[in-house]
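In our numbering, the protein residues as written are 108 to 251.
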């Protein structure tokens, strides 16, 4: 059923703007996602920020998904940066656990429906309402 709506998927508010801003600020943006194939294509179309995305670490690229660290470690390889120079933004406890296991700083966003306390307990250094909130808070965030 979900696949029937791929062409109508909306991006989270300011998600594309956030990725473009991070790219413009010198960050190497790599998507680390459990999506693949048509779903990944639909998500990238919704973001409308391909010019800011350097690479994608998808479910097709790893043997074990989040909360295992492999997707984040693969994203680090694609970005060409060590874990201590990276920040992983995610919306689930599995994202936070994968990021922490990979040794990166983690930032949570609440738009995945997971409570703030759960994201913090799973390893988020900071938690924002959504990409728009993170964008307006960049100067005070772990991405500063």
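Cβ atoms here follow ideal geometry from the backbone N, Cα and C, with glycine treated the same way.
Out of curiosity, what's the CA-to-CA distance linking residue i and residue j?
i: residue 187; j: residue 152; result: 25 angstroms
i: residue 236; j: residue 195; result: 16 angstroms
i: residue 183; j: residue 139; result: 10 angstroms
i: residue 125; j: residue 205; result: 22 angstroms
i: residue 114; j: residue 200; result: 28 angstroms
i: residue 137; j: residue 211; result: 14 angstroms
i: residue 242; j: residue 111; result: 31 angstroms
i: residue 207; j: residue 224; result: 16 angstroms
With which residues is residue i paired in a DSSP beta bridge?
i: residue 235; result: 216
i: residue 138; result: 163
Write down the C-beta distance between residue i and residue j rounded to the nearest angstrom, noting that I regard them as a contact closer than 8 angstroms.
i: residue 214; j: residue 229; result: Not a contact, Cβ separation roughly 12 angstroms.
i: residue 191; j: residue 209; result: Contact doesn't hold; Cβ gap of about 11 angstroms is too wide.
i: residue 238; j: residue 121; result: 5 angstroms
Contiguous beta strand (DSSP E) assignments of at least 3 residues, all confined to the segment 140 to 215: Counting whole runs of 3 or more residues, the segment 140 to 215 contains the beta strand (DSSP E) stretches 160 to 164 and 194 to 197.
The segment 141 to 150 touching the segment 158 to 177, judged by at least three CB pairs closer than 8 angstroms: With a cut-off of 8 angstroms, the segment 158 to 177 and the segment 141 to 150 count as touching, because enough Cβ pairs lie within range.
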